[in-house]
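Going down the list, the protein sequences come from chains A and S.
For the first sequence, this note's numbering gives the first residue as 1, with consecutive numbering after it.
For the second sequence, this note's numbering gives the first residue as 1001, with consecutive numbering after it.
Each residue gets a CB set at the ideal place from its N, CA and C atoms; glycine is no exception.
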Amino acid sequence: MKDMHSSHLGKEIRVAWAIAVKDMRTYYTQPPSIMFGILFPFTLFLAFTIGRNLPLAEQIPILISQTLFFASSSIGPVVIPLERADQTFDRFLTSPVSLLSILMGKTLGGITYGVLISVIPVLVGIIVFGSQIANLAALIACFALSSLAFSALGILFASIPGQTVGQVMMPLNFVRIPLLFISGVFTPIGQLPAWMQAVSFLSPLTHTVELASYASGGDTFFGPILNIIVLGAYAAAFVFVSIRFNIMNQRKE
Amino acid sequence: MSSEIAIEVSNLTKYYDDLLAVDHINFEVKKGEIFGFLGPNGAGKTTTIRMLTGISIPTEGTATIMGYDIQRRSVSAKEQMGIVPDVSNVYKDLSAWDNLVFTGKLYDMPKAFRESRAEELLRMFGLYERRREKVKGFSRGMKRRICIAMALMNRSRILFLDEPTSGLDVQSVLIIRDLIRKLNQQGLTIFLTTHNIEEASHMCDRVAIINHGKIATIDTPEKLKRTFESLQSVEVAFESTPQNALKELGELPQVSEAVKEGDKFRLFTRSPSSVLASTWNYAQSNNLKLITVNTVGPSLEDVFVKLTGIRPATAEGEPERLDHGIAQGTTGREEQQ
């Protein structure tokens, strides 16, 4: 049998996972991770739900989408600036592993965080409100692709040179918060004017909301296949751009 | 490339926008050597080390590590090296043990090997008993030792050390210097950047002096000292010092420059014997009692000052630039080259 430690791909995966586990142990309980990844989506959800006479059970897919969106995209922007400030990010750049594996390790940290936090509303929906999972495959696709795409979005913004969380979070929130208003979170896509529907198609969050809704037995405006394709395309694009940005940073270093 | 070469640098250049930080430098480091890379703050030392270790991409030029191009075969090149940066970049929220084990994972070392190596290194650095403690509670010297241990996890063949003893207490400095020597005796090639001239003089087989991004000179410390005969000096001290002594000593025949160092005067000359005679005459004619007379060969510090125009004594903080080679508290004629 071929020695596992001589496999190049195996090595890259093991190193990426080691980076992710280290980030989980070190940064998941850091105050910025809790604030931007947990408190932020739950607070926003409650702020826009309370007083609108909306049945909470029907809002569970929206909460799942928001937690996936905020939690997954918050880890990279917390971890990477702090590691830049401590110069520990340089350790990855000097280790014998590709930049792709380093960024995939960072992305995995965001994916795991997003999934762990977003499982909470799923369980609350099932246990408290008696919600049913109508399509488990759609829910898994929603979790997997959304957490990947949003975590990669966070890594992309974390590629902005900066040594404080605020330097990365501010521009990220400048993008994240407006996306809430065009992604079917507050108004279903079908009720939007045609031009707004076109705009909402471009938002990755739209496709998370749609898949989460579809998984709980609701309708999707663009269809689950298109939702999956768009989320997959965004994930690949975000990873690609992150790599380019990091190479640009190394040229400027 | 010769198999005796550990690091080969060719036309390595780095621009930061319009600022030329490293200017087409060329040098080689032989296997098993301790190679010192000296220069004042901002000379290009850290930029060079960052390019050699793959953190920064050069604007131009190439560097090979054990024959592997750091850009084209970066993974193979990085497998050969361990890096201790100027800041102890340890994971403060992890324990000493976890820091080393995580480093082993970055190098994809098998579990049993990385754990035995971590134990070996922690024992070597006297930190095994504190292996479970988070590093954020460690002293600066202990963090530095952890940082060096992390650089040695993968049994690297080249160790890059960027200002390894800067800002440490005397005990930690001595421990680290002793360790560097031992590692070198075991065959490790050491690339050491420092602005501590004495450290370089005592430890390095060869030194390169970099200034304004250019290599000013490369040679062994002793050869560099011999090259600069004009940096020989006579050190004198009088029982009581007249007010104009510095100026008058600087005007003695054969004295190219006079510097006041504490209660002593240092008279630079190509001819120490002539200066000894004229200093004796000066003391006689001014009724001064000589209490110290020494002839001093050029130190590496003198060579550094000559080449960079910066006094390393001030280089720990802000470098003090000398105007035309004459520092404050010095006097004398322009030195003939």
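If residue i and residue j are in contact, beta carbons under 8 Å, what's the gap, nearest whole angstrom?
i, j, result
"S:G1044", "S:C1204", "Going by Cβ atoms, the distance from S:G1044 to S:C1204 rounds to 18 Å, so no, they are not a contact pair."
"S:A1149", "S:L1159", "Rounded, the Cβ-Cβ distance is 12 Å, inconsistent with contact."
"S:I1341", "S:N1184", "Outside the shown range of chain S (1001 to 1337) lies residue 1341 of chain S, about which nothing can therefore be said."
"A:Q167", "A:I160", "7 Å"
"A:L231", "S:G1054", "With 8 Å as the limit, A:L231 and S:G1054 do not qualify as a contact, their Cβ atoms being about 33 Å apart."
"A:S131", "A:S216", "6 Å"
"A:I62", "A:V185", "6 Å"
"S:L1106", "A:A18", "7 Å"
"S:T1292", "S:K1264", "6 Å"
Cutting at 6 Å between CB atoms, please list the residues of its own chain near residue i, excluding the five before and the five after it.
i, result
"A:Y234", "A149 and P204"
"A:S118", "I64, T67 and L68"
"S:L1188", "L1159"
"A:R14", "none"
"S:G1213", "L1020, A1021, V1022, D1023 and G1044"
Report the neighbours of residue i on chain A: residues whose CB is nearer than 7 Å to its CB, in chain order.
i, result
"S:K1078", "T94, S95 and P96"
"S:G1054", "L93 and T94"
"S:N1244", "The contacting residues do not exist; S:N1244 stays about 51 Å from chain A at best."
"S:V1087", "Q87"
"S:D1108", "H5, K11, R14 and V15"
Any idea if residue i is buried or exposed, counting beta-carbon neighbours within 10 angstroms, 16 or more meaning buried?
i, result
"S:Q1171", "exposed"
"S:F1191", "buried"
"S:R1072", "exposed"
"A:A236", "exposed"
"A:T26", "buried"
"A:T220", "buried"
"A:I75", "buried"
"A:V134", "The question names Val, but residue 134 of chain A in the sequence shown is Ala. With fewer than 16 Cβ atoms within 10 Å of its Cβ, A:A134 is classed as exposed."
"A:F45", "buried"
"A:L136", "exposed"
"A:L9", "exposed"
"S:N1026", "exposed"
"S:S1050", "A small fix is needed here, since residue 1050 of chain S is Arg in this sequence, not Ser. Buried is the call here."
"A:Q191", "exposed"
"S:K1182", "exposed"
Only counting the same chain, and skipping five residues up and downstream in sequence, which positions put a Cβ closer than 7 Å to that of residue i?
i, result
"S:N1099", "V1090, Y1091, V1135, I1146 and M1150"
"A:S242", "L103, A152, I155, L156 and S159"
"S:F1228", "P1298, D1302, V1303 and K1306"
"A:E12", "V97, S98 and S101"
"S:S1010", "N1026, G1061 and T1062"
Please report the straight-line C-alpha distance between residue i and residue j, rounded to a whole angstrom.
i, j, result
"A:T164", "A:I247", "20 Å"
"S:L1019", "S:I1057", "15 Å"
"S:S1278", "S:L1246", "14 Å"
"S:K1209", "S:Q1232", "Looking at the sequence itself, residue 1209 of chain S is Ile, so the reference to Lys does not match. So the alpha carbons of these two residues sit roughly 20 Å apart."
"A:A141", "A:I228", "7 Å"
"S:K1031", "S:N1244", "53 Å"
"S:L1127", "S:D1169", "17 Å"
"A:S200", "S:A1112", "52 Å"
"A:S72", "S:D1108", "27 Å"
"S:R1226", "S:V1296", "12 Å"
"A:L139", "A:A212", "6 Å"
"A:I50", "A:V122", "19 Å"
"S:S1273", "S:L1224", "22 Å"
"S:A1096", "S:M1142", "10 Å"
"A:P312", "A:L145", "The structure shown has nothing for residue 312 of chain A, since chain A only spans 1 to 253."
"S:T1048", "S:L1012", "8 Å"
"A:K254", "S:Q1080", "Beyond the ends of chain A as shown, which are 1 and 253, falls residue 254 of chain A; an answer cannot be given."
"A:M196", "A:L116", "32 Å"
Could you tell me if the beta carbon of residue i falls within a distance shorter than 6 Å of some heavy atom in the ligand SAM?
i, result
"S:P1164", "Ligands are entirely absent from the displayed structure, and the ligand SAM is therefore not among its contents."
Using the beta-carbon of each residue, which ones in chain S are nearer than 8 Å to residue i?
i, result
"A:E253", "R1050, I1055, S1056 and I1057"
Below 7 Å on C-beta distance, what does residue i contact in chain S?
i, result
"A:T26", "Y1091, D1093 and L1094"
"A:A18", "F1102, K1105 and L1106"
"A:D90", "I1055, P1085 and N1089"
Leaving out five residues before and five after residue i in sequence, what residues of the same chain have Cβ atoms less than 8 Å from its Cβ?
i, result
"S:P1164", "V1084, R1144, I1148, I1176, I1180, L1192 and T1194"
"A:F245", "L156, S159 and I160"
"A:A57", "G125, F129, G130 and S131"
"S:Y1282", "E1248, L1249, L1252 and L1288"
"S:A1200", "G1036, L1038, L1192, T1194, V1207, P1221 and L1300"
"S:A1077", "G1054, T1064, I1065, M1066, Y1068, D1069 and I1070"
"A:F238", "A149, A152, L153, I155 and L156"
"A:F30", "Here residue 30 of chain A turns out to be Gln, not Phe, going by the sequence shown. Only V78 and L82 meet the Cβ criterion."
"S:V1101", "R1114, E1115 and A1118"
Residue i versus chain S: which residues are under 9 Å apart at the beta carbon?
i, result
"A:K106", "The contacting residues do not exist; A:K106 stays about 13 Å from chain S at best."
So which residues on chain A does residue i lean against when the C-beta distance must stay under 8 Å?
i, result
"S:V1075", "P96, V97 and S98"
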